[in-house]
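A quick write-up on the structure given underneath.
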């Protein structure tokens, strides 16, 4: 196997080093669906952690109050728990005024039948301020929910909460003003105790259509990020809030823009942040099997048709604005590539390593279902947030008569689709006989 950058060790490798790679090593020891590096003792985590110093700098709350690193709260667990035994966590993002505080108050006050623990890194809601004392961190509400303050350390708060996790159906983690949730997501992969008791269910973004249109048009200095657009790019579900305050034209323009930024996000319309609570749960966005089903259903021809439709709607002002915002202002977008021919695992590994070396900050999300040459009926799946890559063999196999189509999805900023597609095509076995899709 061709040696690869240490950015992409195999799944579950605890100590990344040169020579580790993303593609399945022939002599790897199988355990579950993942692959373990033979040279070192593995850790029971699935995503490649971000560099520790980056997390400390980027996180909205300090990694540790005493600066000793997340490992200070590592605890020995008796066994590696299945996802079904872990408490689900929904990460909530959204710009100021999008309705996050209203959503939190709705969850904490209404009788909706779910037991949700809301964690905020900064308590701005009046409800919370009225009930919070300096000596307590968890506030129990009358409807069975709870509110937890995190003023310094998310890891410590989650560690203390884990003994009560059976009392809740969901943790809602509100990330005030955070455009890039990757540091938060890394918290759930770097610490054994946290990763063995919690699982990320998905990223939920609240947006108010009218200011979102304005924010997405703001001209930013070169190299800076448009936070409102980036939040949508990371989202698995987007709540289109305050629809009673927008007209059909504005709503249509926002939907077009969001679909161009992130074609894979589910859109949910609501008013005053009131949505069925089950819409905040059961996303399973980081479930490898769940996303495998979603990507298999994604039609690349529909994606291309949507782009053509936008070009043809030259008379529609909303369509023109949405296209301009994507390409001229934010530079954020999503696209998918596919091949009906098997991929060379070594070449694909090299392709991903080189892509992450060049674009890891700009590649927000990536997903794929892969068919490798020489792997029989084995189906491989991966997904990533920046350079955190989760890669494993699927529980399901390619069945007789099923088209063995490899599909990869990229969501990010200033990604050159033609360049990335050309590099992807070099991974195809007998590429000279393959036709672009």
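Numbering (our numbering), first residue to last: 251 to 687.
For every residue, glycine included, the Cβ atom is placed at its ideal position computed from N, Cα and C.
The stretch 402 to 471 contains, as complete beta strand (DSSP E) runs of 3+ residues, the segments 420 to 424 and 448 to 457 (chain order).
Annotation: the continuous alpha helix (DSSP H) that includes residue 671 extends over 667 to 675. In summary, residue 652 is exposed, with fewer than 16 beta-carbon neighbours lying within 10 Å of its beta-carbon over all protein chains present. Under the three-state reduction of DSSP output, residue 592 falls in the coil class, being neither helix nor strand. Distance from the CA of residue 612 to the CA of residue 489, rounded to the nearest whole angstrom, comes to 24 Å. Contact holds between the stretch 338 to 348 and the stretch 469 to 483, because three or more Cβ pairs, one in each stretch, are under 8 Å apart.
Boundaries of the beta strand (DSSP E) harbouring residue 662: 656 to 663, taken from the DSSP string. At the C-beta level, residue 617 and residue 649 stay beyond 8 Å of one another. Ranked by how close their Cα comes to the Cα of residue 529, the residues 605, 422 and 623 have 422 in first place. The C-alpha of residue 504 lies about 15 Å from the C-alpha of residue 344.
For residue 499, the three-state secondary structure derived from DSSP is helix. Separation of the CB atoms of residue 492 and residue 462 is rounded to 10 Å, and the pair is thereby denied contact status at 8 Å.
Between residue 593 and residue 656, the beta carbon gap of about 5 Å places them in contact (Cβ cut-off 8 Å).
The count of Cβ pairs closer than 8 Å, one atom from the stretch 437 to 448 and one from the stretch 406 to 417, reaches three, so the stretches are in contact. One alpha carbon belongs to residue 364, the other to residue 675, and they sit about 48 Å apart.
A straight line joining the alpha-carbon of residue 678 with that of residue 601 spans about 11 Å.
Distance between residue 502 and residue 647, taken at the CA atoms: about 40 Å. For residue 532 and residue 451, the gap between their C-alpha atoms comes out near 7 Å.
At a Cβ-Cβ threshold of 8 Å, residue 352 and residue 454 do not count as neighbours. Around the Cβ of residue 329, a 10 Å sphere holds fewer than 16 other Cβ atoms; the residue is exposed. With fewer than three CB-CB distances shorter than 8 Å, the stretch 622 to 639 does not count as touching the stretch 582 to 589.
Bridge pairing for residue 617: 633 and 659 [DSSP].
C-alpha of residue 630 to C-alpha of residue 470: approximately 39 Å in a straight line. Going by beta carbons, residue 671 and residue 597 fall outside the 8 Å limit. If you draw a straight line from the Cα of residue 680 to the Cα of residue 474, it comes to about 41 Å. Comparing C-alpha distances from residue 513 to each of 628, 662 and 500 shows the shortest one belongs to 662.
Rounded to whole angstroms, the separation of the alpha carbons of residue 645 and residue 543 is 12 Å.
According to the DSSP assignment, residue 359 belongs to the alpha helix (DSSP H) that extends over 350 to 359. With 16 or more other Cβ atoms from the protein chains shown falling within 10 Å of its own Cβ, residue 633 counts as buried. Taking a C-beta distance under 8 Å as the contact criterion, residue 609 and residue 517 do not qualify as a contact pair. For residue 484, there is no enclosing beta strand (DSSP E); the residue is found in the alpha helix (DSSP H) stretching over 477 to 484.
With contacts defined as CB atoms closer than 8 Å, residue 426 and residue 370 qualify as a contacting pair.
Comparing alpha-carbon positions, the option among 614, 643 and 615 lying closest to residue 627 turns out to be 643. In the three-state reduction of the DSSP assignment, residue 364 falls in the coil class, being assigned neither a helical nor a strand state. Cβ contact annotation for residue 361 (same chain, cutoff 6 Å, sequence separation greater than five): 393, in chain order.
Residue burial annotation: residue 509 is buried, with at least 16 other C-beta atoms found within 10 angstroms of its C-beta.
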